[in-house]
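Each remark here refers to the structure printed beneath this line.
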Amino acid sequence: MLYPKVKFTDIKRSSALRAQSLEHAINRSLLPFFNLPRNQNSSKNTFKTVQERIKAILQKDHPKHIALIMDGNRRWAKQRGMSSRQGHLEGAKRLIELLSEFPKIGVQTVSLYAFSTENWKREGTEVRALFHIFELYLKTYAKKMVANGVKLKVIGDRSPLSPALNKLIDRVEEQTSRGTTLNCLLAINYGGRNELIRAVKSWYDAEVVTGRSSVAELDESKLPLYLDTQGYADPDLVIRTSGQKRVSNFLLWQMAYAEIISAKALWPDFSVEDLLDCVEKFQENQRRYGK
59 MLYPKVKFTD IKRSSALRAQ SLEHAINRSL LPFFNLPRNQ NSSKNTFKTV
109 QERIKAILQK DHPKHIALIM DGNRRWAKQR GMSSRQGHLE GAKRLIELLS
159 EFPKIGVQTV SLYAFSTENW KREGTEVRAL FHIFELYLKT YAKKMVANGV
209 KLKVIGDRSP LSPALNKLID RVEEQTSRGT TLNCLLAINY GGRNELIRAV
259 KSWYDAEVVT GRSSVAELDE SKLPLYLDTQ GYADPDLVIR TSGQKRVSNF
309 LLWQMAYAEI ISAKALWPDF SVEDLLDCVE KFQENQRRYG K
């Protein structure tokens with residue numbers, strides 16, 4: 059950007075040096091008025107580095123559990139004339155790239171909505187492509203998850219999954235079971251309503267059928283023991299990409315008091331900066347838990 063120059067044509071030669079200094083001083087005083095950000099409502103973090111933002115985040119109350127609804131793979135692909143399979147591949151790559159960033163901001167658990175109970179309604183070719191990607195990435199990145207201290211747990215109803223995929227999931231869960239850096243809950247064939255029905259049935263079989271409890275004794279403290287997420291804290295922050303604002307049947311019980319933030323970026327474009335934006339918005343809110 060060009061800045062206006064102040065000239066002093068009526069100053070005598072003997073005062074040229076003093077005039078030059080005065081000109082420089084005035085130009086410096088004008089500089090802030092002509093060097094404004096393009097968008098005067100731009101983020102307060104425009105001039106902060108990622109490291110500076112992370113440091114500031116860690117000094118405040120930050121989410122320990124983030125749930126991600128990774129939306130927008132197909133739209134991302136369509137905008138580029140690509141197949142939905144390519145969009146899902148790019149989304150998987152983005153996830154692998156971001157997994158190492160969560161511990162840096164103090165996140166202990168991340169829940170990832172990969173395939174819902176409703177996604178079976180999609181075209182068969184897309185469903186098959188998605189499950190091929192699951193297998194591909196579980197095989198390819200198992201060692202990397204172990205090296206990075208990631209503990210994988212697949213949640214959802216695994217009964218419709220193929221024996222080969224179930225066997226692979228069991229193997230990777232065992233390989234990563236000693237990870238302590240990040241808990242990764244990967245939701246495959248998951249639906250919040252389905253989970254609640256399965257949990258109630260499991261509780262009934264374990265407690266009522268055996269005569270240990272009566273139906274009247276079921277309460278909010280007992281049911282979570284039979285949810286897929288048993289043993290893990292509820293999410294503090296739920297992020298949905300692509301600008302959508304639906305929870306889409308994800309963690310219905312667990313997100314009762316979570317902050318829900320919609321990010322505009324499509325999932326393959328979701329960056330570290332976008333993640334930090336969401337966490338900073340989370341920190342602007344005061345969680346009251348009904349008080």
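Residue numbers (our numbering): 59 to 349.
Glycine included, C-beta positions come from ideal geometry on N, C-alpha and C.
Just so you know, these numbers come straight off a predicted model, no measurement behind them.
Note on geometry: alpha-carbon atoms of Pro326 and Ile163 lie some 21 angstroms from one another. Counting along the chain, Leu210 sits inside the beta strand (DSSP E) bounded by residues Val208 to Ile213. The beta carbon of Lys339 is closer than 7 angstroms to those of Ile319 in its chain, skipping five residues each way along the sequence. When DSSP reads this structure, Glu317 sits in a beta bridge with Leu295.
Rounded to whole angstroms, Gly182 and Thr175 show a C-alpha spacing of 14 angstroms. The three-state secondary structure of Phe173, taken from DSSP, is strand. According to the DSSP assignment, Ile191 belongs to the alpha helix (DSSP H) that extends over Gly182 to Ala205. A direct Cα-to-Cα measurement between Thr198 and Ser271 gives close to 45 angstroms.
For Cys242, the pairing in a beta bridge is given by DSSP as Val168 and Leu210. Of the residues Arg345, His123 and Lys179, the one whose Cα lies closest to the Cα of Tyr315 is Arg345.
For Ile124, the uninterrupted beta strand (DSSP E) segment begins and ends at His123 to Ile127. The beta carbon of Ile112 sits closer than 8 angstroms to those of Lys162, Ile163 and Leu334, all from its chain and outside the five residues before and after it, given in chain order. Nearest neighbour of Ala172 by Cα position, chosen from Gly149, Pro121, Val208 and Ser279, turns out to be Gly149. Apart from sequence neighbours up to five positions away, the residues of its chain that approach Val230 with a beta-carbon distance below 7 angstroms are Leu196, Ala200 and Leu210, ordered along the chain. Rounded to whole angstroms, the separation of the alpha carbons of Leu219 and Lys136 is 28 angstroms.
In its own chain, leaving out the 5 sequence neighbours on each side, no residue places its CB closer than 6 angstroms to the CB of Asp277. By the criterion of a C-beta distance shorter than 8 angstroms, Val108 is surrounded in its chain by Val330, Glu331 and Leu334, once the five residues flanking it on both sides are discounted. Annotated three-state conformation of Asn247 is strand, per DSSP. In the DSSP assignment, Asp119 falls outside any alpha helix (DSSP H), carrying neither H nor E. A distance below 7 angstroms between beta-carbons, with the five flanking residues on each side excluded, links Glu265 to the following residues of its chain, in chain order: Ser271. When rounded, the separation of the alpha-carbon atoms in Arg298 and Ala125 is 9 angstroms. Counting C-beta atoms within 10 angstroms of its own C-beta, Tyr284 has 16 or more neighbours from the protein chains shown and is therefore classed as buried. Asn343 counts as exposed, since fewer than 16 other beta carbons sit within 10 angstroms of its beta carbon.
Non-local beta-carbon contacts of Ala245 in its own chain, meaning distances under 6 angstroms to residues more than five positions away in sequence, involve Tyr171, Ala172, Ile213 and Gly214 in chain order. Taking each of Asn177, Ala222 and Val165 in turn and checking the Cα distance to Glu193, the smallest one comes out for Ala222.
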